[in-house]
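Going by my numbering, the first residue of the sequence shown is number 1, and it counts up by one from there.
One structure is given here, and the rest of the page talks about it.
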Amino acid sequence: MDELDIQFSEIVLFELPSFEAAQAFRVRLRPRWPGWSHDDEGLWLFAAELGDEPDALPLMLREAQELIADLDLLAIVFVLDGRSYVLPAAEPVYERAEKQAA
């Protein structure tokens with residue numbers, strides 16, 4: 001594994017549909033996870049570094065899912081370790097409660 005692979009395995013790259021969504025990610029995630037933002041002809045990229053926290057990835061993805069729901073988006077794409085994944089919005093709290101009750 002070379003240095004570039006290590007660097008990319010420590011970064012989650014979110015592909016966002018608008019400048020406003022990128023700003024919302026910056027405001028919500030940046031205090032906890034450092035990184036950078038970039039716009040590329042209609043596609044806004046937001047990168048966050050995982051750091052040394054053992055549960056950083058699941059914590060970051062849960063936070064991102066809540067933000068996706070807050071932004072009224074259905075899902076976004078994120079890239080980790082060179083692979084793309086779809087991250088859906090978090091389920092509303094009432095839907096989670098109904099499933100747990102069933």
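Beta carbons: idealized from backbone N, C-alpha and C, even for Gly.
Just to confirm before moving on: does the CB-CB distance between GLU10 and GLU49 stay below 8 Å? Taking a C-beta distance under 8 Å as the contact criterion, GLU10 and GLU49 qualify as a contact pair.
Pair within 8 Å by beta-carbon distance, ALA69 and ALA90: The Cβ atoms of ALA69 and ALA90 lie closer than 8 Å to each other.
Whole angstroms is fine: what's the gap from LEU43's alpha carbon to TRP36's? Each residue's alpha carbon lies about 14 Å from the other.
Per DSSP, the bridge partner or partners of ILE76: Under DSSP, ILE76 shares a beta bridge with LEU87.
Return the first residue and the last residue of the alpha helix (DSSP H) that ASP70 is part of. 56 to 70 is the extent of the alpha helix (DSSP H) around ASP70.
Just the C-alpha distance for PHE25 and VAL86, rounded to the nearest angstrom, thanks. Straight-line Cα distance between these residues: approximately 16 Å.
Pick helix, strand or coil for LEU29, following the three-state DSSP scheme. Shown here, LEU29 sits in a helix according to DSSP, grouped into three states.
Check whether the Cβ atoms of LEU73 and PRO17 sit closer than 8 Å, and answer yes or no. The Cβ-Cβ distance between LEU73 and PRO17 falls below 8 Å.
By DSSP, does GLU53 sit in helix, in strand, or in coil? If DSSP states are grouped into helix, strand and coil, GLU53 belongs with coil.
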